[in-house]
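Per the working numbering, the sequence shown runs over residues 1464 to 1688.
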Amino acid sequence: MKITFYGHASLGIEVDDVSILIDPFISPNEKASHIDIEALKADYILLTHAHEDHVADVEAIAKRTNAVIISNAEIVSYYSNKGLEGHPMNHGGKWDFEFGTVKYVNAIHSSSFADGSNGGNPGGFVIEGERKNIYIAGDTALTYDMKLIPKQTKLDLAILPIGDNFTMGIDDALIASDFVACDKILGYHFDTFGYIEIDHEEAKRKFFDKDKDLMLLEIGESIEL
Ligand code: NI
Ligand code: MN
């Protein structure tokens, strides 16, 4: 499994020959101006919630690639009304896709589209691939619901928001990593705007001090699991 950070909360995941995009917000992000959305591959687009900083590039990419949009039912129906393909889910449900099993799990946040349309309730994803399991928290507060994840899934990586203000900050993300029983964390949702700027060294040190590993990738950088 190869994971690429495209800035903010946008990720690319490659599982064998399948390309998955998460929450594409790339063309409006000045920090990601070196990423060409026309060159991104997508068989599936997973959306945690409907906020503009998670869906800005969905229509352009889905129209070009015919990617299947996986999200809550309200978000999928919003895009199917625009002629895009989707697979609707809701909280607690899971489905076997060609790349693995996806479960849509709780997030504490909000989820409306920029035009005021109903974006359902926000979520995160647990993806169980053939060899590796990951949790993508989405925009969320720290919540006890996270403790349910390791009851069924042994995670190899947890992707957690760390920018504070709109989501968890570093200290809550540290507790979240205990709740999900995963010491390998990829931080996201930081530095994009003034409200969510963080001190990278301090953040990494706080995780290091608890024998955990916080990875912060450059935009465009990848890790292999
Ligand atoms: Ni949000
Ligand atoms: Mn956000």
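The beta carbon of each residue, even a glycine, is placed where N, CA and C say it ideally should be.
Sub-8 Å separation of residue i and residue j beta-carbons
i: H1676; j: D1646; result: For the sequence presented, residue 1676 should be read as Asp rather than His. Closer than 8 Å, so yes.
i: H1517; j: F1488; result: yes
i: A1530; j: A1505; result: yes
i: A1636; j: M1609; result: no
i: F1468; j: I1599; result: no
i: M1678; j: K1595; result: no
i: G1601; j: G1583; result: no
i: A1519; j: S1490; result: yes
i: M1552; j: Y1541; result: no
i: D1672; j: I1661; result: no
i: P1624; j: V1643; result: no
i: T1528; j: I1571; result: no
Residue environment, residue i, which counts as buried when at least 16 other CB atoms sit within 10 Å
i: F1588; result: buried
i: E1591; result: buried
i: S1573; result: exposed
i: E1665; result: exposed
i: N1544; result: exposed
i: A1621; result: buried
i: H1471; result: buried
i: F1670; result: buried
i: N1569; result: buried
i: G1549; result: buried
i: Y1507; result: buried
i: G1475; result: buried
i: D1486; result: buried
Of the residues the options, the one placed nearest residue i, counting alpha carbons only
i: Y1524; options: S1543, L1503, H1652; result: According to the sequence as given, residue 1524 is Ile; it is not Tyr. Per the Cα distances, L1503.
i: N1492; options: H1652, E1664, D1672, D1662; result: H1652
i: N1535; options: N1581, T1564, L1623; result: N1581
i: I1538; options: K1557, E1515, R1527, W1558; result: E1515
i: I1633; options: Y1542, H1663, G1555; result: H1663
i: L1649; options: E1684, F1629, E1660, N1569; result: E1684
i: F1629; options: T1616, F1562, I1659, I1612; result: I1659
i: I1500; options: P1613, K1526, F1656, S1575; result: K1526
i: K1557; options: T1606, T1616, A1577; result: T1616
i: F1576; options: V1565, L1623, V1521; result: V1521
i: L1688; options: D1619, F1656, M1631; result: D1619
i: E1477; options: I1533, G1563, I1532, K1667; result: G1563
i: G1555; options: K1667, L1611, L1484, G1546; result: L1611
i: L1605; options: D1641, G1579, I1597, E1593; result: D1641
i: E1561; options: F1656, G1579, D1479; result: D1479
Bridge partner(s) assigned by DSSP for residue i
i: E1687; result: K1465
i: T1630; result: T1630 pairs with nothing; no bridge assigned.
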